[in-house]
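All residue numbers in the sequence shown are consecutive under this note's numbering, ending with 131.
Ideal Cβ positions, reconstructed from N, Cα and C, are used throughout, including at glycine.
First up is the structure itself, then whatever we jot down about it.
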Amino acid sequence: MTSAGSTAADTDWDALRAVARDAMSHAYAPYSGYPVGVAALVDDGRTVSGCNVENASYGLGLCAECGLVSELQRTGGGRLTHFTCVDGDGEILVPCGRCRQLLYEFGGPGLLLETPAGILPLSEMLPQAFGPQHLTK
Ligand code: THU
């Protein structure tokens, strides 16, 4: 089941990965040739997704996670609870460092990530994260 508040064990990671793979199929990655797709569950039961969108001005390329957090905000906000990322073969991929920070903003340390090393909290993928809490003390 994929309802809000579900644990790593009772989450349908296969279904979430299928959403990420579908998103990956929409990637625009003509320069790197490296399409990426991501998907996440939101604490109200929504699912959001994204794909990378590159640019002829290479440095302006958008990671798939940028699209995901944009969709999250556009469709009502909320907190990310479960996240997965896949490469062009549909295999599980770790999010890049910058994107771990993007995810931290909307999921915090407890966000569960599907990684090649298993299901891990974001706190293990981005230790001692800088975040909103630093700006309010
Ligand atoms: N990429 C993502 O979309 N997300 C990641 O977390 C890793 C990297 C994209 C950026 C670029 O379009 C391509 O993968 C190759 O780096």
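Which ranges does the alpha helix (DSSP H) cover as unbroken runs of at least 4 residues, wholly within the stretch 15 to 73, from first to last along the chain? 58 to 68
Look at P24 and C57 and say whether their C-beta atoms are less than 9 Å apart. no
For Y98, count neighbouring Cβ atoms within 10 angstroms of its own Cβ and tell me buried if that reaches 16, exposed if not. buried
Considering G112, what are the terminal residues of the beta strand (DSSP E) in which it resides? G112 to P115
Using only the alpha-carbon positions, how far apart do R94 and G27 sit? 22 Å
Give me the DSSP bridge partner(s) of E108. I113
Candidates H76, E108 and G91: which alpha carbon is nearest P121's? G91
Could you tell me which residues DSSP pairs with C79 in its beta bridges? V32
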